[in-house]
Structure formats: structure tokens, C-alpha cells
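Under the numbering used here, the first residue of the sequence shown carries the number 265, and numbering increases by one thereafter.
For reference, the structure is listed below as C-alpha cells.
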Amino acid sequence: MSAPDPYLEVVHEHWAEIVTLYRAFEERRPVMLYDLQERRIYAYPYAAYRAELSPRSRKLLTAQYREAKKEDRIVVFVRDNEKKKLVSYCLA
265 MSAPDPYLEV
275 VHEHWAEIVT
285 LYRAFEERRP
295 VMLYDLQERR
305 IYAYPYAAYR
315 AELSPRSRKL
325 LTAQYREAKK
335 EDRIVVFVRD
345 NEKKKLVSYC
355 LA
């Protein structure tokens with residue numbers, strides 16, 4: 265049995281707020297980001313956020329974003345600056 269994902273738990277804890285902010289910009293289908301240290305949620309335009317990523321991460325985001333659009337889901341990133349981690353999820 266695998267250990268629980270602490271970043272996914274954070275997303276679940278803040279899901280209502282993430283969805284509320286997403287809906288404010290829903291027609292633009294933003295990429296959502298939860299910053300762990302700041303404890304803030306951001307909504308970014310897909311193209312602008314993608315441009316900030318490494319080539320490998322761009323490729324992964326592109327696939328994840330297409331899946332999210334097709335399945336009516338939201339792409340959510342969690343940024344942990346202390347551990348230098350950026351993880352993403354495609355959630356409904």
C-alpha cells in the first residue's frame with residue numbers, strides 16, 4: 265500500500281476555494297496553482313503558465329491540459345518551494 269500523497273491532500277482541503285476561483289475564469293480554462301508556503305491559489309492562462317515551465321514539464325502539461333478539456337476537469341498544480349517540488353493533478 266502506497267503512502268498518502270500530501271500534495272493531493274492539500275488540494276482536497278482547498279478544493280472549494282480552487283473551484284470558486286476557477287469558475288471566475290472558467291471561460292479561459294485556466295491552470296490552477298496552490299502555493300504551499302504562501303497558502304494562496306492562483307489562476308493562470310494556460311499559454312502563459314506553460315511558457316514558464318521546462319521543456320519536459322511543458323510536454324506533460326500539454327497532455328494533461330488536453331485530457332482536462334476533454335473530460336471537463338481542472339489542472340491543478342501544487343508548488344512547494346521549501347522542497348523544490350511542483351506537482352500537478354487533473355481533477356474534477
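Every residue, glycine too, gets a C-beta built ideally from N, C-alpha and C.
- Nearest to LYS323 by C-alpha distance, out of LEU272, LEU300 and SER352, is SER352.
- Rounded to whole angstroms, the gap between the alpha carbons of ALA311 and GLU331 is 16 Å.
- According to the DSSP assignment, LEU325 belongs to the alpha helix (DSSP H) that extends over 319-335.
- The three-state reading of DSSP puts ALA288 in helix, counting H, G and I together.
- Between LEU300 and VAL274, the CB-CB gap stays under 8 Å.
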